Every structure is written in structure tokens, then in C-alpha cells.
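Note that this note's numbering has the first sequence beginning at 461, numbered continuously upward. We put the beta carbon where it would ideally sit given N, CA and C, even for glycine. Being a predicted model, the structure only gives us computed values, none of them experimental. Read through the structure below, which is laid out as C-alpha cells, and then see the notes.
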Amino acid sequence: MQLRVQEATVDVAPGVSCAEALKQGLSGKKFKSAIACRVAGNGDGGVMLDLSAPVPDTAEELEPVMADSPEGLNIIRHSAAHIMATAVRRLFPGVKVTIGPAIENGFYYDFDYERPFTPEDLERIEEEMRKVVSENQPFSREVVSKDEAVKRFQAMGESYKIEIMDDLGGDVFSIYTNGDFVDLCRGPHLPSTGALHAFKLTHVAGAYWRGDEKRQMLQRVYGTAFADDKALKAHLKRLEEAAKRDHRKLGVQLDLFSFHEEAGPGMPLWHPKGMLIRTILEDFERKEHLRRGYNIVQGPIILRRELWERSGHYDNYRENMYFTEIDEQAYGIKPMNCLSHMLIYKTRVRSYRDLPIRMFELGMVHRHEKSGVLHGLLRVRSFTQDDAHIICRPDQLQDEITGVIRFVQDIMGLFGFEYELELSTRPEKSIGSDEDWERATEALENSLRNVGLPYDINEGDGAFYGPKIDIKLKDALERRWQCATIQCDFTLPERFDLYYVGEDGERHRPVMVHRVVLGAIERFIGVLIEHYAGALPTWLSPVQARILTVTEAQNEFAAKARDFLRAKGFRVEADLRNEKLGYKVREAQLEKIQFILVVGDKEVEAGGVNIRLRTGDNLGLQSLDETAARILADCEEPFKRGGMRYSFNYSGQV
RNA sequence: GCCAGCGUAGCUCAGUUGGUAGAGCAGCUGAUUCGUAAUCAGCAGGCCAGGAGUUCGAGUCUCCUCGCUGGCUCCA
């Protein structure tokens, strides 16, 4: 039999182990870091082979899997999980293992043990793992009948593995052995434990068995592993850097917002600079909604409880709502803005000619989120949605959804965000006819296709009243946060008896689309801060420029220059303190101010300023007019960049 | 809500085996008038998250509550 490893051709005997085949292939020196191999060209695009398994006779070509490829990293990390389980079983007799997959940037394994693991345990486990690695135990694969597998796991007391097999179904299972540890596993793995070169355990956490909060809480141990030490160190360094971009840290440093135990958890308070960012963003949004044919409306923060009963929110989300009572009347503090919008719709009879009606509200809502989920600005209890409800005819649904997706596309492009789209379909608990669901899901999917954006399908993850599209952004640590969402709703128009008069003179039921673009302003600003590491684009910066004097002799001119720029609408401060220039520069730099304008005797004489950017670049002496032109150009730059569907003309001036 | 960890001055942190609270930065006062990331000196600043307990004595040990952090679950 002949095996080809990329350019290298190796002759191996039939039935030789894959590890041996790879070793021979590698002697061609083409794939120094290959850790596994794959059979290519066998019809279904190739299968991963375990290195310890014999090469099947059908094999023609072997493709190397490089250690630093996504596939290779998965193999390394999943093998690391097995090695961790091996170590844990040695250290903690009586522990039961459950599942241990590779995940983004690492791996974990869930254990059932009599007590939680401590950070000290983590160190011991890591140490024991190093021993397992140094023992260089080969991973070997066997395919056995279910009866045989059950017998073996029963003997080891591994009841979870049996439950997994029952859930998976099937008659035969592959099991992997290294040393005395046997695990139910699909594979593949490294050839042996000694091939794991760089790993680190990071933290322990509780996790429910099968992700079900009613079931056993297990101990999850997280770790990370890479092809080599250099890559591992680089990853840990990245995490350190990411921590510096944490919006909670920057929020304090830049004096944007705060939380108070006295005010209540999840209730942000906006300081002047943070509120200025919000104001600019909100102004921008109002303009963008108006130009897209939305109407701006506003409803009250509290509405009578009966209304929430009618909408179904009282039944479904009572636990997460705040209530109050006034004059013996029960009120609910709104967790959503749609009810007011529907009441506005109902104030008159609407014709088919009036639709679609798009109502936009920067609506402050309150949701009593579970205490454990709160996270800085990214998950709060009091927040403002850039919410809109589109009430339209069924035949308009598709175009309306497409319009919203394009809107989202524009905004995300403006900020240079990468985002993920998910289409969520009908959940088990839901209301509405099959026909409605199909039509709406199809409208959402068609729109996604029309716009040509890639998306994932999240089966059964829709809201109970309709399917939806979610747009997710990443924070500094690459955790995903839902921002924009587009949801179809057949229920509320029904419950509130919304109708329009059609061409035929009859009453018809409209469809309602709930949608947010930024999502919650709070969350969006949190993600923005992390995205830009606090250095916001000039149009959004609370302070666009600061004028620094070298000595007090220039204070008069500096104040004039400040007033000149302010009169043009820019947000400018003057630092007239009796401090050294270097000190003032440092402060401005730490505050991430884009334009640092230095004024000394030379500049006063020339009637200009010396421009230093936050990048450290020095643009030299510039006139005040030239300075104003530069600030403006900087404001408009993101709007002019490619990829935008509309040309904005917005400098963020307040 | 669940599991674990943490909570000392506005911020970042130190605080020996339990013996009565400390630094840097920020703030205030004064001096200094200075050219692109920290001028010097002085002053002030704390119910050690809150409560209960153990102890002659608790920032240090135990329990409860609150809050924060990392996960899990949830997210209309």
C-alpha cells in the first residue's frame, strides 16, 4: 500500500498504525509539527483517524493535521481533558467523570465529587497532569459493543458514561484507554500523553449535569492548551491585555458611570462623560430612525397591571418584573416598550395604506434579572433599549425585515464590529399557528439570504410568540453578547386586537416586528468601550480636544482658542493648571483624548496650536481653522469609510 | 437562583502564628512658571462591606446578610 503525505510519499504495509504512517511521512521533513493524520479522497471528504488505529486498507492519501491548526488544537485540548481526568481520578478516589470537550481556547472536564475543588486542588491536579504527561501513556482506541462498554464502566463506577451511551443510542461505542484511565470517546487523540507540551488549568466552576439546573451540580475544571509553550504564553498575555480593556475598569478610569450597593445591583448611574457618550449615540439614533421612516414616540415607565396580564407578560415574566401600587391600583414597571406602541396604534382606525407604521422609542425598561447574571454594563436591571415596533401587512413583512437587517449592517459597519447572526426557530412552548410560524421564519431567512450575510440556525430557540434573528457582538474576552434582535410576533396583535382595514373594506390582522439595533444602550456602550479599549472614535468622544498650556502666560490665548473651537460645536477643554506640560500630556493621554493641543509662546505668537494625537503622532503647529478642519475630518472618517450603504453626514456635535 | 472565590482610604494594593491600620496615586495647602506620559514639601483621608459569635483581645477565626468576580442556568 502506498500513502501520500502531501508531497511526501511513504510506502507502508497494510494495517500499519496511523502513528507509524505519520512518522514515516514526517521523515520527509515537510510536517515537523503534524500531530495527527487524516485520510483524504475517500468520498466523504475525509475522516479523522486516531493515530493509534490501524490505517484502513481503503486509505490512499494521508493529510497531516498541523498542531497549530484549529483541528490540531482541538485534538490537543481534548487529549488534555483526558489527561486531566486521569490525574483527577488518581488524586480524588471516588470521583466520577462525565464529559470533557475541547472548547474555544481550551477545554474542560466535569466531575462529580463529594466536595467542590479548591484553587489548591487545581495546582495539585496540574502537577499530577505533568506526571501523566511524563509517563507518556499511549492513547489506544477500541470499538466495543454497548454491553461490553456498560460492563466496563459499571466496574469502574462511572454511571454517567452509561447514561451518555443510553442518550446517544447505538450498539457499538469507541473507547479510549491511556494508562489505567478508560473513557467513552469519539476521538481522535494525540498518539500519547507525552505529546501534550503546553497546558495550564485556569479555573474551577460549578456546572449542572446536562446543563439542567434541576439536576446535580458538577465541578467543572477549565484549562487551556496549545501546541507549544510560546503559543500558550501568547494566549495568557492576550488575556492580560484583554483585562485592561474591561469596560468596568475603564468606566472607573474614564469616569463614565458607576454602580452603588445603596442604589441596587444592576442599576448604573451615568456620570457627565458617560452620559455625553449616550447623548451623542441617542441623537445619532434618532436621526437615523427618522431618515428610515420611523416615528419617534414615548410611553410611560409604569402601566397598569391589567395591561401586562392581557399581554401575557404577567403570566410569563412576573418573577422578573417590578411592581408598584398607587391609589389601590396595581402597576407594573415596564420590561418592554411594545404595549404603549400598540395603544398608540389603536387610537384610530388604520388603513392598509397607512402600513407599515414604525414606532421608535428610546425606552427605559426594568427587568429583575437573576443576581448571578449581572455583569457591569453588559447585563443590568435598568436599561434603555433603542426599541421599535413595526406594524405591517403580512405581504410587507419580508421587506421590513430586510430593511432592519440593512440598518443593523450599516451601524455595525460604522463601528467596525464583527458580528454573528443567528436565526432562532419555533420552540416547544409556543403559541400561534404553524402557518404563521412558517411564513415568518421564511421571511426572516429570505431576508438573510437577500442581504447575503452568513448565519447560524438555532433550532427551537425562538421566543414563545415568534421566530427571531439575533446579532451577537464580542467583548474583550470574546464572550458573545446579544445586541441587535429582530423578532416576529403574531400574538400581541391578536391579544390587543390590532387591525387595519384592507382594500376589500374588511378588517385584517397586521404582523408586529419587535426590533432593536444597538440593543440596550448600556450594553452597547460597554461593548464599544472594550472594542476601542476606551479610545472612542472622535465623533463619540466626550472630550474631543484639550488645550494644554506650557505656562500660565498662555492661559488667555488658550481660553480663546477653546471658545473658538467650542463655537464651532466641538467638545473642547482647556487645562490651565500650573503643572508641567509633561504632566498634563500624561493625563490627557490616559483619558484617551484624541487631540492634545499644546500652546506655548511660539503658538501664541503664531495664533495656532501644536497638535499631538493620542497615538503619539505630532502634527506640528496648525492654525485654529486648520485644527477645526482636522477634528471635523476625524469625526466624519468612520462614516466615509467603505462598506457603508448610506452616506452619513454626522460629526457627533451636540 | 446554583457552585466557587473575593470585599482594607476616591483608585491600586500591603498588613507576620489574633495584640488595636500602612504605602503609592488621586484630593487639599504652599512653593515652583516649566515644551509633549508623573516637580517638590506639608496636610488630610478608614465603623477594615454590614451584623452576630469565639476570645482578655478580631482587619485576621466561625456563622449569617449584602455586594463584586469567574462559571452554570436564564435573558420576553
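Whose C-beta lies closer than 8 Å to the C-beta of M677 among residues of the same chain, with five residues either side of it excluded?
The beta carbon of M677 lies closer than 8 Å to those of G666, A667, Y668, W669 in the same chain, with the five residues before and after it left out.
Mapping DSSP to helix, strand and coil, what is T684?
Looking at T684 - three-state DSSP - the assignment turns out to be strand.
At 3 residues or longer, and completely inside the segment 700 to 729: list those beta strand (DSSP E) runs for me, N to C.
At a cut-off of 3 residues, not a single continuous stretch assigned as beta strand (DSSP E) sits fully inside the segment 700 to 729.
Can you give me the C-alpha to C-alpha distance between Y959 and L803, rounded to a whole angstrom?
Using only the alpha carbons, I get a separation of about 12 Å.
If you follow the alpha helix (DSSP H) that H991 is in, where does it begin and where does it stop?
Annotation: the continuous alpha helix (DSSP H) that includes H991 extends over 981 to 991.
Scan the segment 792 to 873 and note each continuous beta strand (DSSP E) run of 3 residues or more that stays entirely inside, going in chain order.
Correct list: 817 to 826, 842 to 852.
Using 8 Å as the cut-off, can you tell me whether the segment 609 to 623 makes contact with the segment 575 to 595, which would need three or more C-beta pairs spanning the two stretches below that distance?
No: fewer than three Cβ pairs fall under 8 Å.
Spell out the partners DSSP gives G965 in its beta bridges.
BP columns for G965 are empty, so no partner.
Can you give me the C-alpha to C-alpha distance between H849 and Q858, rounded to a whole angstrom?
Taking the Cα positions, H849 is about 15 Å away from Q858.
Residue closest to G1080, alpha-carbon to alpha-carbon, out of P1098, V1064, L1057, A1088:
Nearest to G1080 by C-alpha distance, out of P1098, V1064, L1057, A1088, is L1057.
In the DSSP assignment, what are the bridge partners of T653?
DSSP, once it has assigned bridges, lists no residue as partnering T653.
Return the chain-ordered list of same chain residues with a C-beta closer than 6 Å to the C-beta of A541, the five sequence neighbours on each side being excluded.
Here the set comprises G560, F567, Y569.
Between which residues of its own chain and F956 is the CB-CB distance below 6 Å, once the five residues before and five after are set aside?
Cβ within range, chain order: M802.
Can you tell me where the alpha helix (DSSP H) with E583 in it begins and where it stops?
Note, E583: alpha helix (DSSP H), 579 to 595.
Taking the alpha-carbon of L767 as reference, which of R752, G792, A702, M735 has the nearest alpha-carbon?
Here the closest residue by C-alpha is G792.
Assign F1126 to buried or exposed, taking buried as 16 or more other Cβ atoms, counted over all protein chains shown, within 10 Å of its Cβ.
No information on residue 1126 is available, as it lies outside the stretch 461 to 1114 that the chain covers here.
With H, G and I counted as helix, E and B as strand and the rest as coil, what does DSSP make of M616?
Assigned with DSSP and collapsed to three states, M616 falls in helix.
A1018 burial status per 10 Å Cβ neighbour count (16 or more: buried):
Here A1018 is buried: its Cβ has 16 or more other Cβ atoms, across all protein chains shown, within 10 Å.
Beta carbon of P970, beta carbon of P953: below 8 Å?
For P970 and P953, yes; Cβs fall inside 8 Å.
Can you give the Cα-Cα distance for V987 and G683, rounded to whole angstroms?
Their backbone Cα atoms lie some 26 Å apart in a straight line.
Looking at C-alpha atoms only, which residue of G629, E523, T653, K709 is the closest neighbour of A543?
Per the sequence shown, residue 543 should be read as Ile rather than Ala. Selected option, being the one with the closest Cα: T653.
What span of residues does the beta strand (DSSP E) with C645 cover, start to end?
Looking at the DSSP string, C645 is not in any beta strand (DSSP E), and its letter there is neither H nor E.
Is the beta carbon of I535 sitting closer than 8 Å to the one on H649?
In this structure, H649 lies closer than 8 Å to I535 by Cβ.
Which residues does DSSP pair with T572 in a beta bridge?
For the sequence presented, residue 572 should be read as Asp rather than Thr. DSSP links D572 through a beta bridge to K556.
Are the segment 812 to 828 and the segment 735 to 753 touching, with three or more C-beta to C-beta distances below 8 Å?
Judged by Cβ distances under 8 Å, the segment 812 to 828 makes contact with the segment 735 to 753, as three or more pairs qualify.
By DSSP, does T739 sit in helix, in strand, or in coil?
Helix, per DSSP.
Entirely enclosed alpha helix (DSSP H) segments - the segment 1025 to 1087, minimum 4 residues
Segments of the alpha helix (DSSP H) lying fully in the segment 1025 to 1087: 1041 to 1050, 1061 to 1066.
Please return the same chain residues whose Cβ sits closer than 8 Å to the Cβ of V610, not counting the five positions on each side in sequence.
Here the set comprises I622, M625.
Hey, could you find the ends of the beta strand (DSSP E) H663 is sitting in?
Judged by DSSP secondary structure, H663 falls within the beta strand (DSSP E) whose first and last residues are 658 to 668.
Helix, strand or coil at A500 [DSSP, three-state]:
At A500, the pLDDT of 48 sits below 50, so the modelled position is not reliable and the matter cannot be decided from this model.
Secondary structure of S1001, DSSP reduced to three states
Note: S1001 maps to coil in three-state DSSP.
So for D896, helix, strand or coil by DSSP?
Helix at D896.
Using 10 angstroms around the beta-carbon of G501, count the other beta-carbons present and answer buried if the total reaches 16, otherwise exposed.
Bear in mind that the predicted position of G501 carries a pLDDT of just 42, short of 50, making it unreliable; the figure below should be weighed with that in mind. Counting C-beta atoms within 10 angstroms of its own C-beta, G501 has fewer than 16 neighbours from the protein chains shown and is therefore classed as exposed.
Rounding to the nearest angstrom, what Cα-Cα distance links I851 and L1050 in this structure?
Each residue's alpha carbon lies about 47 Å from the other.
Whether or not the segment 962 to 981 and the segment 683 to 697 are in contact is what I'm after, with contact meaning three or more pairs of Cβ atoms, one per stretch, closer than 8 Å; do they touch?
With the cut-off at 8 Å, the segment 683 to 697 and the segment 962 to 981 do not touch.
Specify the secondary structure class of A944 as computed by DSSP and reduced to three states.
In the three-state reduction of the DSSP assignment, A944 falls in the strand class, which pools E and B.
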